[in-house]
Ligand code: SF4
Ligand code: SF4
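Numbering (the numbering used here), first residue to last: 396 to 542.
The following block contains the structure:
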């Protein structure tokens, strides 16, 4: 019998609470993210890390404001860089870590009220693979640099 869970909308609906913009451990940015965001906010990509990031191990995460949320979060507008938000934000909650360990889905649901718990693992993995594939096939901006 076919699962009742077939699409992303069947298992997730964002409630716009903004809690994921607290980073859940940090919003990592790739070089592509840095170039895209810099173009969008008319800023110099070479200065982006100094101006908008903090170190986290060997990588960088977006700086957080006083409310603990990402520096690009706004109470009214939510994400002010929505069209170019980092890969990590675009992918959430359809992330590779759930394909590897499906139990992660219900754990993530404890922090994200948009995630429906208790989805059968087979259906869950199928949906995440489809969403990940869609995101990974978006054409990069011509000015983006390869990582
Ligand atoms: S925590 Fe979940 S429900 Fe809340 S804004 Fe983020 S994705 Fe949407
Ligand atoms: S870039 Fe946007 S979606 Fe991502 S954490 Fe910051 S405000 Fe939230």
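Virtual Cβ for every residue (Gly too), placed ideally from N, Cα, C.
Please confirm whether residue 497 and residue 530 have their CB atoms less than 9 angstroms apart. Here residue 497 refers to the residue found at position 102 of the chain shown. Here residue 530 refers to the residue found at position 135 of the chain shown. No, these two residues do not count as a Cβ contact at 9 angstroms.
Coarse secondary structure for residue 537, derived from DSSP in three states: Along the chain shown, one-based indexing puts residue 537 at 142. Low local confidence applies: a pLDDT of 47 at residue 537 is under 50, so the model's placement there is unreliable, with the coordinate-based value given in what follows. DSSP places residue 537 in coil when its eight states are reduced to three.
If we call anything under 9 angstroms between Cβ atoms a contact, is residue 484 one with residue 425? In the chain shown, residue 484 corresponds to position 89, counting from 1. In the chain shown, residue 425 corresponds to position 30, counting from 1. Not in contact: residue 484 and residue 425 (Cβ atoms no closer than 9 angstroms).
Spatial neighbours of residue 402 in its chain, beta-carbon cut-off 7 angstroms, leaving aside the 5 residues before and after: Numbered from 1 along the chain shown, position 7 holds the residue referred to as residue 402. Hits under 7 angstroms: 522.
Quick check: does the Cβ of residue 451 come within less than 8 angstroms of any heavy atom belonging to ligand 1? Your numbering for residue 451 matches position 56 in the chain shown. It does not: the Cβ of residue 451 is nowhere closer than 8 angstroms to a heavy atom of ligand 1.
Please classify residue 532 as buried or exposed, where buried requires at least 16 other C-beta atoms within 10 Å of its C-beta. Taking the chain shown and counting its residues from 1, the one referred to as residue 532 is at position 137. Per the 10 Å Cβ criterion, exposed.
Would residue 466 and residue 444 qualify as a contact pair, given that the criterion is a beta-carbon distance under 9 angstroms? Taking the first residue of the chain shown as 1, we reach residue 466 at position 71. Taking the first residue of the chain shown as 1, we reach residue 444 at position 49. No.
Verify whether the separation of the beta carbon atoms of residue 407 and residue 490 is less than 9 angstroms. Counted from its first residue, the chain shown places residue 407 at position 12. Counted from its first residue, the chain shown places residue 490 at position 95. No, the Cβ-Cβ distance between residue 407 and residue 490 is not below 9 angstroms.
Start and end residues, alpha helix (DSSP H) containing residue 440: Start at 1 with the first residue of the chain shown, and residue 440 comes out as number 45. From DSSP, the alpha helix (DSSP H) with residue 440 extends over 440 to 447.
With a CB to CB cut of under 7 angstroms and the five nearest residues on each side skipped, what residues in its chain are close to residue 411? Stepping through the chain shown from its first residue, residue 411 is reached at position 16. Closer than 7 angstroms at the Cβ level, and outside the excluded window around residue 411, lie 473.
With hydrogens ignored, establish whether the beta-carbon of residue 410 is closer than 8 angstroms to any heavy atom of ligand 1. Here residue 410 refers to the residue found at position 15 of the chain shown. Placement of the Cβ of residue 410 at a distance of less than 8 angstroms from at least one heavy atom of ligand 1 is found.
Have a look at 479, 463 and 400 and flag the residue whose alpha-carbon is nearest the alpha-carbon of residue 374. Coverage of the chain is limited to positions 396 through 542, which leaves residue 374 absent and any answer about it impossible.
Check: residue 488 C-beta below 8 angstroms from any heavy atom of ligand 1: For this step, residue 488 is matched to residue 93 along the chain shown. Checking the Cβ of residue 488 against ligand 1 gives yes.
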